[in-house]
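With UniProt numbering applied, the sequence shown corresponds to residues 1 to 1238, in that order. Positions of the beta carbon are idealized from the N, C-alpha and C atoms, including for glycine. See below for the structure under consideration.
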Amino acid sequence: MGRTRQMIGSALKFLLPEVQLVQTVREHGWVARREPAAGREPEERNEAPEQAAGRRQGQERMRAAGAGAGQTAAQTAPQGAPQPVRADGRTFGQAGFPASAAPVPEPGKTGQEDWSVEDLDRLFQEAEAAVNRRVVGQRPFVADLVAAYRQGYMNESPDQPRSVILVAGPPGTGKRTALNELLRSLHVHKRVPAAEAAELDLSHYTEQDLSGNFIEDLAAAFRQGEGTVLFGGLRQADSAVVAQAARLAAEGRLRTREGIRISAAGSFIVFYLDDPGAERGERGRIPAGLSGRLPSAVLQSVRAAAVSEPHDPASMQEISRALLEQAAEKLSRNTDTAVEVDGSVPARLARLAAEDRTFGEAVQEWIDRVWFPALSELRARGEIRRGDRVRLVFSGEEFRVEAPSGSYPVRPVSLAPDETLEEAIAELNGLIGLEPVKTCIRELMDTAALNRRRAAEGAGAVPMALHMVFTGNPGTGKTTVARLVGRILKAMGLLERGQLVEAARQDLVGSYVGSTAPKTMAKVEEATGGVLFIDEAYTLARHDHDTFGLEAIDTLVKAMEDRRDRLVVIIAGYTQETEGFLESNPGLRSRFPFMVEFPDYAPGDLLRILEGMAAANGLRLDDQAREGLAEQLERAQIPGRKDGGNGRLARNLLEEAVRRQAVRLREAGDAAPEELGLLTAADFGLGEQPVFDLDQEMNGIVGLAPVKSFIRALEQQVLADRRRRDAGIEVRSEQTLNMIFTGNPGTGKTTIARLTAGMLRSLGVLKKGHLVEVGRSDLVAEYVGHTAVQTKRVVESALGGVLFIDEAYALAQDGVQGGGFGREAIDTLVRLIELHKDNLVVIMAGYTEDMERFVSLNPGMASRFPLRIEFPDYTAGEMRQIAETMVRQRGFRLAPDMEGRLEDLFRSGPISARKDAGNGRLVRNVLEEAIRRQAGRLAEQPELEGERLNELNAADFGWEGTSRTGASEGDALRELDAVVGLEPVKAFVRSLSAQIEVGRRRRELGLPQAAAQTLHMVFQGNPGTGKTTIARILARRLRELGVIQADTLVETDRSGLVAGYVGQTALKTREVIERALGGVLFVDEAYALAEGDSFGQEAIDTLVKAMDDYRDKLIVILAGYEADMERFMNRNAGLRSRFPNVITFPDYSAEEMLLIARGQLAAQGYAMTAETELRLLDRFNASGSERESGNGRLVRNLAEQALRAHALRVSRKTDATAEELSTLLPEDIPGQERGISG
């Protein structure tokens, strides 16, 4: 049956080549890989140097491991012949590994005769005994290791590794020796193909190597079939690499995207881990404490475990004795002497190794790095001669070599002599400045010295960590002092090497899950024995969700505790940020007992540092440069700023001076030798500084006379204080210079703020005198807690100058519980203003009323801003001066037809006291609009040439004829004449107009003027009687007469003035009033303000106050029913006196309403027949006696109904004529028919 299937399969393969293709792909994958020629390295890869070095080391170990596997392809194949790669992993020649000439045995076979169970028992008993002879004091561990291998030979699974074993324990406890001895014994009996494990250090690979180097080396490692592959470097390895290795161990096979197949069938896989804290658990099981420190993927794949134990003192002495005896034999041969070891030496070394918890490794390292070099140096120098008997002893707390020529100490060999404590302290004392820092370091030294003395006298040393926090601005010498700390502690014997290892976030934090802890520990390992200096450590905890940074912190905290006697960690950074960092981990602050604040350098110290740098480079400063630098450094060092530079500033100034000197000497030609080393004031850019002239600066500013007077008075006060101080007279006349600028936009507040900053700098009050302009958005952040940080950053940028906060009132958020983020900014500002009062002036600006309300709500602000300056609006004449200056500055000129017109233009344009008056901004906008119009005009007049091209004429400024608005004087009266009815009202408007016109003529002739009259009015009458229409015409007429500046009519009622919350009505009413300034405010149904709640009265009070404050800028008209308005005026006595003009609007007669309807319909293109008008007149007569008839509103409503009826009627006629489409008939008029025929 089986043969028949085989024949059918062969036939199908012959007939269908596709079957062969599918089978080939299944066996070999899609990609066939070809190895480089023998003797050549694989193709160069894009990898970091340390990665390449690690990979080459791994390849060398693999070559060494594979060398004992028997005859290789490299020995039998021609040189340079390429080796094919099998997808099943049976034949390899990858990554420099020799490929086997013979096929690797099938899983479960060795190529030898089968072994019985009895033979295997005997083999492993012998192997265990051999291992125990080599490894001291680890019998339980050896038994577990042998059992794990023995169990592997009971595994009959053809596609799986024989076993996956965890070998772990403290360093130096014989783990590797035991494994190699076991493999040697098995190899002798031909149970494994190699006497050593093929080792892969996983820490040498990155995630990018998963499809390259790592896979190649992994495939080569498993070519031995039943060999052992050891994976080391688990803790420092990339988590993705560990996961790939663990997957192969768990599944027994691995296939890459490139089609490479790797089989671990029949192999032993060992995960190797040095763990000082490992303790044995139940036999053959992973201890609970160790399982938490293993990658989960590895933990799941392990089938057996062998964990070594820390050596006890007896075992450690035995190991030390054995290693020393082996070393003595080797030294005797190499030096041709007789080397002996005293019995005191193994005991001392065993104790030191146990304290270090690296046991045998520590002993072997001491032999290799200390004893061998020391003895060979003595032999090479002739201190020890051929045939001498040499004895190693431990005496007087040190190791010594006793020889015929003398007794010599055994110490680590160094080409440089050990630095003494006095030398390190002398260098610390030689640092310029930093006196508080030096005091802290001396206290640290005294504490450590006293602790050592207690220990020496048997009083017991107090366990003490020496970790430190260095806080301060950049360039204050933190790294220099950290390096000195390492050297001082080494000289005191508290650190072994005293090296400084610098690290930042990128050196500690990985880029993916699981990579941070190994990366952090790698730096810890590098720094052990010295100082780990972490600059800007607070970047490790950027926020609560920075899991990678927090993992690095947790790893550091544990390492600091575990290695407290071998490692000093110093974190450094800005003071406040570092304080926040120490709060990011509960155990962090308690592990840093020494907090050292590095102050900014004083200007004199900086000058000494700069001169020292110059002298070190063969340069010197002349006297003028020295004096100028002292002043410059004084201005540069501003307390609280983080960009002062400190030592870095000195270095930058020197380097810039050297560059300038080179240019100066080159331009000067041949320079004398003494000039080559001389730096002048010019080299430092210290030329003559411009003198600030306040009067000259003031002369360039138009208007603002009260503001200028205030600034001059302020200058005189500061000068007087300085004169008294120079004369040695002590008086307390200093004052806070924070100010509040109030006024409308465009009144020059920013310009005056910049001038004030320059003046205070020239007077020595401020060091930099720069102006930082901000608003609410620059101070307030979007998230809780961020506003204080953002505000602090802005304040620090303004230190040494002026912080100008425009529209500061916006920081006070009404209606937000607790004041919102704006309140947080205010609180931060108040605190920082007080903190930096000697190096900062703050100016807050905004509208007058808004700023008064803002300051009243914040008592802390009021007391810190004693100086308040009101900026008045510019007059029309001042705006003309500003415009003429701007025209000249932009290279234009005014045409003759603009003579005297600019002032009229601005007199009719801005409305003083309104927030949108514009002032200087209006001038700029008007000018820019004129320039745009001129460009269009020039495009239409190509014949213009010369000076006419930069000439701005009246047309460019929008003048047409004699009026800029385009409306002729008297248009309002003509519009009034067109109004139907209302003859008494029209008569009032005409008489008022005539009165104002006569008054203007008398003024022009210089005649005495009548008393000023109040133009506020009351319009009373039924709805629809034209009150709003007359108010609009009246506004236009008053604008024509120059009484008001705009023909604006702002219409409102109770709902537009009254708010729903206490205190909000006045704000709402003021907003409406501000819109109406320069025009007319029309309050319809004003009597409603006196009805209901008290909010209406608040609106009335606000309105009355505004009428007094803006009597020349506002006209108020109150409107409503006659009876209601009478009651309203009687209820508010103060109102009647303010509204002397009461105009009653009569109801329209039926005939007047017909005229209104005729006009409205004609405006829309409709006409009425005579019968239709009669019908409409009857309709008006029928409703004229009703109070709610609506008057003009009734006309509009009836007209709209008639138009709808007409449309419905005409829509039924498809052939309607144009006349029919525009003529209303009687039946279109709504209401009862009265015998009028259609």
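| Asked | Found |
| --- | --- |
| Inter-stretch contact at 8 Å, needing at least 3 Cβ pairs: the region 184-191 / the region 123-132 | yes |
| Residue closest to L607, alpha-carbon to alpha-carbon, out of D827, T439, N652 | N652 |
| Limits of the unbroken beta strand (DSSP E) element including N1141 | 1141-1145 |
| Per-residue burial, Y783 [other beta carbons within 10 Å of its own, 16 or more giving buried] | exposed |
| Entirely enclosed beta strand (DSSP E) segments - the region 214-260, minimum 3 residues | 228-232, 253-255 |
| Nearest-angstrom Cβ-Cβ length linking V1080 and A1157, presumed shorter than 8 Å | So it is not a contact: roughly 28 Å between Cβ atoms. |
| Reduced DSSP category for F710 - H, G, I as helix; E, B as strand; rest coil | helix |
| Spatially closest choice to E675 from Y1121, A876, R620, E383, by CA coordinates | R620 |
| CB-CB length for E181 against V131, believed under 8 Å | 5 Å |
| Buried versus exposed, by CB contacts within 10 Å (16 or more), Q1020 | buried |
| M1129 classed as buried or exposed, judged by whether at least 16 other C-beta atoms fall within 10 angstroms | buried |
| Exposure of I286, with buried meaning 16 or more beta-carbon neighbours within 10 Å | buried |
| CB-CB length for K523 against V501, believed under 8 Å | 6 Å |
| The region 740-752 in contact with the region 839-856 per 3-pair CB rule at 8 Å | yes |
| Cβ contact (3+ pairs, closer than 8 Å) linking the region 567-576 and the region 530-539 | yes |
| Exposure of L1208, with buried meaning 16 or more beta-carbon neighbours within 10 Å | exposed |
| With 16 other Cβ atoms within 10 Å as the buried cut-off, status of F141 | buried |
| Strand pairing of Y272, partner residues [DSSP] | V167 |
| Nearest neighbour of R893, chosen from T875, N950, R937 [CA to CA] | N950 |
| Beta-carbon proximity check, A161 vs A328, cutoff 9 Å | The sequence given here has Pro at residue 161, not Ala. No, Cβ-Cβ distance for P161 and A328 is not below 9 Å. |
| M613 - DSSP class collapsed to helix/strand/coil | helix |
| Sub-9 Å separation of M861 and V830 beta-carbons | yes |
| Euclidean distance between Cα positions of K986 and R712 | 56 Å |
| DSSP-derived helix/strand/coil call for Q71 | Any reading at Q71 needs caution, since the residue's pLDDT is 33, under 50, leaving its predicted position unreliable; the model's value is listed next. Correct three-state label for Q71: coil. |
| Environment of L234 [buried if 16+ CB atoms lie within 10 Å] | buried |
| Cβ separation of E824 and A788, assumed to be a contact under 8 Å, to the nearest whole Å | 6 Å |
| Limits of the beta strand (DSSP E) - the one that I1117 falls within | 1115-1120 |
| Pair within 9 Å by beta-carbon distance, F359 and P170 | yes |
| V1043 (DSSP reduced to helix, strand or coil) | coil |
| Run of the alpha helix (DSSP H) containing G580, from where it starts to where it stops | 575-582 |
| Through-space distance from E526 to S163, alpha-carbon basis | 35 Å |
| Contact between the region 1143-1151 and the region 1104-1111 (3+ Cβ pairs under 8 Å) | no |
| Assigned exposure category for N919 - 16 Cβ within 10 Å defines buried | buried |
| Segments assigned beta strand (DSSP E), at least 3 residues, entirely inside the UniProt domain "AAA+ ATPase" (735-875) | 739-743, 771-774, 802-806, 841-846, 867-871 |
| Inter-residue Cα distance where the pair is F222 and A314 | 40 Å |
| Reduced DSSP secondary structure (H/G/I, E/B, other) of Q506 | helix |
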